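Residue numbers (the UniProt record's numbering): 1 to 181. Positions of the beta carbon are idealized from the N, C-alpha and C atoms, including for glycine. Owing to the predicted nature of the structure, the values given are computational and were not obtained by experimental measurement.
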């Protein structure tokens, strides 16, 4: 099973379309969205082709493939536009024998982990910075941001397949990668 992780769209129809084009190529079994779908947030600039309502309409076309959590810029009003649940603070996935804690990152985060077991996986968005690391026997991951990357990283997303998490840019370059043992 292949999972694709997408975070921090922030209302950018341009970057949502680009990542969905990559999804057509990647052919994941599920799209895992890590929050911040439609609103750009007061600390961020307006992203390219900012169009929150059309972002919602486009996401709804993929509702049967989406597993989602709520970001700090998401609200109940946003949920009213989306036809898939996205208000959970976190979800637990079980994939290829691994337990994966999925959240946006504004509550529990890589710097403030929930109670996990050695070998568990923690994945978040929120910081707009890609991460693929092992911290105290916990795999900590972040696909970066589709629309508003930070710290000179490119726009990115990630895939998890065959025990390897890979962050990619839109030119198919590997930004970060880690294999689970």
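_Neighbourhood of residue 44 by C-beta, 7 Å cutoff - its chain only, sequence neighbours within 5 removed_ = 10, 148
*Going by DSSP, which residues form a beta bridge with residue 131?*
142
*Compute the Euclidean distance between the alpha carbons of residue 126 and residue 3, then round it to the nearest angstrom.*
19 Å
*CB of residue 138 within 7 Å of CB of residue 116, strictly*: yes
_Distance between beta carbons of residue 55 and residue 80, contact taken as under 8 Å_ = So it is not a contact: roughly 14 Å between Cβ atoms.
_Buried versus exposed, by CB contacts within 10 Å (16 or more), residue 155_ = buried
_Quick test of your reading: residue 22 and residue 157, contact by CB under 8 Å. State the CB separation rounded to the nearest angstrom._
6 Å
*residue 75, buried or exposed, once every other Cβ within 10 Å from all chains shown has been counted against 16*: exposed
*Looking only at C-alpha atoms, which of 52, 41, 24, 35 sits nearest to residue 107?*
35
*Please classify residue 78: does DSSP put it in a helix, a strand, or coil?*
helix
*Apart from the five residues on each side of it in sequence, which residues of its chain come closer than 6 Å, Cβ to Cβ, to residue 1?*
29
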